[in-house]
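Residue numbering for the sequence shown follows my numbering, beginning at 70 and increasing consecutively.
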Amino acid sequence: MKQVIATTNAPGAIGPYSQAIDAGQFVFISGQIPVNPATGEIPEGITAQATQSLENVKAILAEAGLTMDNVVKTTVFLADMSLFVPMNEVYAKAFSAPYPARSAVAVKELPKQVLIEIEVIATKG
70 MKQVIATTNA
80 PGAIGPYSQA
90 IDAGQFVFIS
100 GQIPVNPATG
110 EIPEGITAQA
120 TQSLENVKAI
130 LAEAGLTMDN
140 VVKTTVFLAD
150 MSLFVPMNEV
160 YAKAFSAPYP
170 ARSAVAVKEL
180 PKQVLIEIEV
190 IATKG
């Protein structure tokens, strides 16, 4: 059985998808772009955008009663691989060992022409 997780502390879904789905042992969080949920604004630069995307992830995790320590897998989508090093610096501060498994890929384009999108899978155990 699956249950929708939604919070106003992260940007709402802008299409036919959920912010997150609780699927029993795991919570699947849709890709979070760096939109400030309070203002709708997108910060400038990869450091600020990575920070905002991760804050959005944290807000959804909190709604599910979880923290970043529950994350077991992330996928980071970047507008360009030249953004990897500064993204990784922000990312390293958001997680602690044991770090989640991760994929990081460059894509042709992201919604709203942002530089980053991050999706996660978290476990309740």
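We put the CB at the ideal spot given by N, CA and C, even for glycine.
Span separating the alpha-carbon of residue i from that of residue j
i	j	result
Ala-119	Met-70	32 angstroms
Val-73	Asp-91	6 angstroms
Leu-123	Leu-152	16 angstroms
Pro-106	Asp-138	23 angstroms
Ala-166	Lys-142	13 angstroms
Glu-113	Thr-192	32 angstroms
Leu-147	Thr-76	25 angstroms
Lys-127	Pro-80	12 angstroms
Gln-88	Ala-133	11 angstroms
Ala-216	Gly-109	Here the chain has residues from 70 to 194 only, and residue 216 is not among them.
Test item: CB-CB of residue i and residue j under 7 angstroms
i	j	result
Pro-103	Ile-111	yes
Gly-100	Glu-186	yes
Ala-175	Met-156	no
As assigned by DSSP and simplified to three states, the class of residue i
i	result
Gln-94	coil
Glu-178	coil
Ile-83	coil
Ser-99	strand
Beta-carbon separation (whole angstroms), residue i vs residue j, contact threshold 8 angstroms
i	j	result
Ile-83	Val-189	Contact doesn't hold; Cβ gap of about 19 angstroms is too wide.
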